[in-house]
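This report refers to the structure that appears directly beneath it.
2 protein chains.
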Amino acid sequence: MHDGANVLRDLFLIFLLARAGGEILVRLKQPAVIGELLVGIAIGPHAFGLVHEGEVLRSIAEVGVVFLLFEVGLENRFSDLRRVGGTASAVALSGVVVPFVFGAGLLLALGHGTNQSVFLGAALVATSVGVTARVFGDLRMLRHQQAQVVLAAAVIDDVLGLLVLAVVTGLAAGGLEAGQFALLLAEAAFFLVFVATVGTRLMRRHGPLLERIRVSDGPFVVGVVVCLGLSALAAQIGLAAIVGAFLAGMVFAETREHYTMEKRIEPVTHFLTPFFFVLTGMAVDPRFFTNPAVVGLGTAVLLVAIVTKVVPCSIAARSLGATRALMVGVGMVPRAEVGIIVASIGLRTGVLGAELYGVVVLMSVLTTLVAPPVLRVLARKAAVPETIRIHETLP
Amino acid sequence: MHDGANVLRDLFLIFLLARAGGEILVRLKQPAVIGELLVGIAIGPHAFGLVHEGEVLRSIAEVGVVFLLFEVGLENRFSDLRRVGGTASAVALSGVVVPFVFGAGLLLALGHGTNQSVFLGAALVATSVGVTARVFGDLRMLRHQQAQVVLAAAVIDDVLGLLVLAVVTGLAAGGLEAGQFALLLAEAAFFLVFVATVGTRLMRRHGPLLERIRVSDGPFVVGVVVCLGLSALAAQIGLAAIVGAFLAGMVFAETREHYTMEKRIEPVTHFLTPFFFVLTGMAVDPRFFTNPAVVGLGTAVLLVAIVTKVVPCSIAARSLGATRALMVGVGMVPRAEVGIIVASIGLRTGVLGAELYGVVVLMSVLTTLVAPPVLRVLARKAAVPETIRIHETLP
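Sequence lines, in order, name chains A and B. Position one of the first sequence corresponds to residue 1 (this note's numbering), numbered consecutively onward. Position one of the second sequence corresponds to residue 1001 (this note's numbering), numbered consecutively onward.
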C-alpha cells in the first residue's frame, strides 16, 4: 500500500482542514460550507498549492456530492408537494422563472454565448433552504407562516431547479437545436415523472420488504444501490448525476425507513462531502477578484441573484403582509451549495470558464452570508408579539 | 460531471454485485466476504472483464480497508490486554510464532526468496476472529471458557500480527540487512507503544472534550481525522497504512464514546469495504487453480496454515480439557480478511507474484470455510450439557 500513501495524506489534509475551517465559521455563526470553500481556495494550486487535484480526489468529490443530494432528497417527499398551498407554489415558480430569465438575459446582453448564459441562469435558480431554515429555527419561528411558506416553496424550487439543470447540462453537451432541446426536456421530465410515480409507489408498497434482507444493514445497502444506480443512469443519458441521486432520495423519503436511512447515510455524507467543497474552492483563483472586469460582472450577477428572488417571491407572498412577505423573499435568497454544484458542473463540462465559475461561487457565498442578518432584523421588526408568545409557551 | 459517469457506473456495479454475492453466501451460512471475493474474481479482467481496476477504484479500496481496520481496532482495547489470562497469551503467542516459522520455512525449503517467504509467513499469522465469534454466538457458547480464550487470544494475535506485518512490509521495501531490520523493528515497536501509551492516556483523560466540538458530528470527525492521520503517517514511515488505522481504532476504543463511534463509522465501512474485497478478488486469476504446480503449493500452504494453528493453540489451551482445547485450536484457524489484506500488500509492493497471491487468497478462503463446521461438530460432542443448560435459561 505504499503507493496509496499520497492519497491518504491528501485525504487527511483536506478532511482535517475542511473540518477545522467549518468549525471556525460555525463559531462565527456562519455556515460550515463557507469555511470548507475558503480552505479549498487556500490550499489549492492558485494559493499555497498544498494539494493537487487528481483523478482520485475528483472522483471522491463527485461521489460526495452524489451522497449529499441523496441526503437532500431524503428530506423531500413527493407526497408533500401535493399538500403545499398556492402561496408556496407561486413563490417557488416565480423564484425559479425570474432569476433564470434575468440571469441568462444579463449574460446574453453582455455578449456571452447562449450556453454560458443559460448555465448562469440555471445557477441562479435553486434556493438552498438549509441556511434559512437554520435562521428561522434559531429565532424559534419555524412554525410561523412565513417559515412554512419558505420551506414548502424550497421543495418545489429544488425539483424545478433540477429540471432546469438537467436540461442545461444536456444542452451544454449537445448544443442548442430545437429538436434536441425538446428531446432533452422530454427525457428529463420522463425521468423525473417515472421515478416520482413508479418509484414512489413501489417504495410505498414494498418498502417493508427492505427489513427482510439478511445481509447486515439491508435498508442502507438498498439505499446506496439505488442512489448509485440512478446517478449512473442519469449521467449515462446525459443528465447530471446529482439529479438521479436527488430522485433516489425522494423515493426513499416515502418509506417509514426514511428516518433510519438518513441516520445511516449521514456519516458517509459527513465523510465525503467536504472533499467536494474543498475541491470546488481549489478551482477558484482568488486573483480574479482583483480584476476590475470580473468584480464588475460579479457585482451585477450578485445584484440580479438577490433582486430576482426578493422581489417576485415577496410579491407572490404578499397575502402574508408586507414584512412577512419580505421575509419570504429574503429567505429564498441563499444559494450556497446548490449554486456551487451547478457552477462545478459548468466548469467540468467546459461551459463556464474560470472567471464565470469564480463569479458563480462568489455569488453563492455572498447570497448565503447576506440573508441571515437581514432575516434577523426583519424578524425583530415584524414578529415581536408572536416570538414572545412562542417563547412563553416553550420551556 | 460527464467524465464521472464511468466511475459511478463501476461503483454501482461493484457495490450491487458485492452485496448480492454477500447475501447469497450468508443464506448458505457462510461469511459475506467470500461472496464479495467470488464476485471480484467473476467480474475481474481474468473472467468476464466487466470492470477494470484503475487508480480511482484502487484508492477507494485502500480507504475502505483503512476504515475496516479502524473498526476492528475499535473492538480492541489496550486495557483488555492486561486482563487476559495466561492461557490466552500462550495460545496467541504460539499461534503467531509457529505459523510464521513453518510458513516461511516451507517457502524457503521450496527455493523461494527470503522476502516472499517471510511475507507468506506473515500472511499465516493473524486469525480473523469474526467468523469464530459468529459460530460461538450461533451456538450460544460465547460465555464458555473456550470462546473467551479464543476471543482474548485474538486481540493479542492481532497486535502481534500487525507488528509482524509492519516489519515485513518495511523489509519488502528495503531488503534484508541486519541494521535496517533492527531499525524497522524499533520503528514499528515505537509507533505501537507510543500510540498505545500516550494515545490511550490522552484519550482516556481528554475523551469527554470530544463532545464539546461544535462542528456537527464532532466525535466522528475527530475519529476520521485520527484514523486518516495515523494511516498516512504509518505509510509515510514505511509501515502498512492499516497498522495506523488499527492503532487509531484501539485509541478510540478507550473512550466512552466508543460505542457511538462504532455506530457512526459502520456506514462508511459498509459502503467502502466491499470495494476492497471485490478488487482483491479481481486480482485473482482463476486459471491458476488448474495449474498442478500451483494446486500443489496451495495444498501445502493450506495444510501448514491449519496444522500450525490447531496443534500449538490446542496444546497451549490443554488445561481446558481435550475437546475444548481442540475447539480453541480450530477456532484460531480462519484467516479470512486478515490473510487477504497481507496478500494484497504483498501483491502491491511486488513481493508476491500473481501465483503466490492466489495461493494466499485461497488459503484465507478455505481456512474460513473449514473451521465453522468442525467447530459445530466439536461443540455437539463436548458441550452438550452446557448447551442445554444455556438454552433452558434463555427464553
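Ideal placement from N, C-alpha and C gives every residue a C-beta, glycine not left out. From a predicted model like this one, the values you see are computed outputs, not experimental measurements.
| query | result |
| --- | --- |
| Against chain B, with Cβ distances strictly below 8 Å, would S314 of chain A count as a contact? | no |
| Spell out whether any CB of chain A is found under 8 Å from the CB atom of F1012 of chain B. | yes |
| Relative to the C-alpha of F275 of chain A, which residue among A:A235, A:A147, A:L183 and A:V56 is closest? | A:V56 |
| How long is the line joining the alpha carbons of L1356 of chain B and L13 of chain A, rounded to whole angstroms? | 36 Å |
| Please work out which residues of its chain come closer than 7 Å, Cβ to Cβ, to H270 of chain A, disregarding the five sequence neighbours upstream and downstream, and give them in chain order. | none |
| Could one say the Cβ of I1265 of chain B lies closer than 8 Å to chain A's Cβ atoms, at least one of them? | yes |
| Looking only at C-alpha atoms, which of B:E1023, B:K1029 and B:L1074 sits nearest to E1266 of chain B? | B:L1074 |
| Which whole-angstrom value is the C-beta distance of A1090 of chain B and A1234 of chain B, which I expect to be below 8 Å? | Actually they do not touch by this definition, with Cβ atoms about 29 Å apart. |
| Using a Cβ cut-off of 7 Å, pull out every chain A residue sitting near A1232 of chain B, in sequence order please. | A5, L8, R9 and F12 |
| Output the distance between the C-alpha atoms of A379 of chain A and Q145 of chain A, rounded to the nearest integer angstrom. | 12 Å |
| Assign K263 of chain A to buried or exposed, taking buried as 16 or more other Cβ atoms, counted over all protein chains shown, within 10 Å of its Cβ. | exposed |
| When you compare only the Cα positions, how much space is there between L1347 of chain B and A1126 of chain B? | 18 Å |
| Nearest by alpha-carbon distance to A88 of chain A: which of A:F100, A:V370, A:D138 and A:G329 is it? | A:G329 |
| Quick one: grab the DSSP three-state call for V351 of chain A. | coil |
| Measuring only between beta-carbons, confirm whether L347 of chain A sits less than 8 Å from chain E. | Of the protein chains in the structure, A and B, none is chain E. |
| Report the three-state DSSP secondary structure of M1203 of chain B (helix, strand or coil). | helix |
| Taking Cβ to Cβ, would you say V51 of chain A is nearer than 8 Å to I43 of chain A? | yes |
| Does G113 of chain A pass the burial test, meaning 16 or more other C-beta atoms within 10 Å, or should it be called exposed? | exposed |
| With a 10 Å radius around its C-beta and 16 neighbouring C-beta atoms as the bar for buried, classify G1353 of chain B as buried or exposed. | exposed |
| Which of the three DSSP states, helix, strand or coil, is assigned to I60 of chain A? | helix |
| With 8 Å set as the bound, which would you pick, yes or no: does the beta-carbon of D962 of chain B sit closer than that to a beta-carbon of chain A? | Residue 962 of chain B cannot be examined here, being either before or after the span of chain B that is shown, 1001 to 1395. |
| Counting only C-beta atoms, is H52 of chain A closer than 8 Å to chain B at any point? | no |
| Considering only the alpha carbon of each residue, which of B:S1094, B:G1103 and B:V1370 lies closest to S1314 of chain B? | B:S1094 |
| What is the residue span of the alpha helix (DSSP H) that S1319 of chain B lies within? | Unbroken run through S1319 of chain B: none, as it is neither H nor E. |
| Here's a check: name, in chain order, each residue in its chain whose Cβ is nearer than 8 Å to the Cβ of V304 of chain A, leaving out the five neighbours to either side. | P99, F102, G103, L106 and L124 |
| Measuring alpha carbon to alpha carbon, tell me which of A:L183, A:F119 and A:E53 ends up nearest L162 of chain A. | A:F119 |
| So, helix, strand or coil for S1231 of chain B, using DSSP? | helix |
| Pull out every residue of the stretch 1010–1042 of chain B whose Cβ sits closer than 7 Å to any Cβ of chain A, in chain order. | L1011, F1012, F1015, L1016, R1019, G1022, E1023, V1026, R1027 and A1032 |
| Taking C-beta pairs closer than 7 Å, name the residues in chain B that F271 of chain A reaches, listed in chain order. | V1224 and V1268 |
| Quick check on the DSSP output: the alpha helix (DSSP H) that includes P1099 of chain B runs from which residue to which? | G1086 to A1109 |
| Do we get a CB-CB distance below 8 Å when we pair A1122 of chain B with the residues of chain A? | no |
| Give every residue of the same chain whose Cβ lies closer than 8 Å to the Cβ of L1108 of chain B, excluding the five residues on either side of it in the sequence, and list them in chain order. | T1114 and S1117 |
| Residues in the same chain with beta-carbon distance under 7 Å from G223 of chain A, minus the five sequence neighbours each way, listed in chain order, please. | F252, M261 and I265 |
| In whole angstroms, what separates the C-alpha of V1370 of chain B from that of L279 of chain A? | 48 Å |
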